[in-house]
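Down below is the structure, laid out as structure tokens.
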Amino acid sequence: MIGEWWQKQSERDRRVLAIGAAVVAVLLAWAFVWYPLARARAQLESRVEQERADLAWMRQTGGELQELRAKGARGKVDRQGKSLFALADVTARGAGLATALKRVEPTGPRSVRASFEAANFDALIGWVDVLARDYAVQTTDFSADRVEAIGTVNARVVLEEP
């Protein structure tokens, strides 16, 4: 059927149709193959460049972090001979948790458990942060239960020295 129709066309029309078909084929190939691939490649190149920049930043920051950790380990505040038990008690009171601190008890040779009732959550987290940052004391267990007053918790914190 198409062959008949093709044969009925003049030589000039067949040439125009063949050129038109070739142009349409090239445009379709460009639109559905080349352009999407080129766009995906450009996006991937951009992503790789961003990832390389992120990696360079991480390497630089990692070095700075190691330096800060090394400085931090050397620059800890002197405990003035206080045990972890005494340090937990004194620093909790200094953080404004004196009324909330109910008990500090040893749980091992290098660890203590502190119990708080109706403690201000922000002050409690600040206290844990000070112990970690200034005294290299790690929090190995932390549990808190919300109480009715806003921003207040009952908490149990297990602290351990390295």
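So that you can map any letter, position 75 of the sequence shown is 77 in this note's numbering, and since no number is skipped, the others follow by simple counting.
In this text, a Cβ means the ideal position worked out from N, Cα and C, and glycines have one as well.
A116 is bridged by DSSP to V106, V159.
Comparing C-alpha distances from A100 to each of K84, S117, V35 shows the shortest one belongs to S117. Around the beta carbon of Y37, a 10 Å sphere encloses fewer than 16 other beta carbons of the protein chains shown; the residue is thus reported as exposed. By the C-beta density criterion, L57 is exposed, having fewer than 16 other C-beta atoms within 10 angstroms. Counting only the Cα atoms, A40 lies some 37 Å from G5. In this structure, V160 lies near T141, with their beta-carbon atoms less than 9 Å apart.
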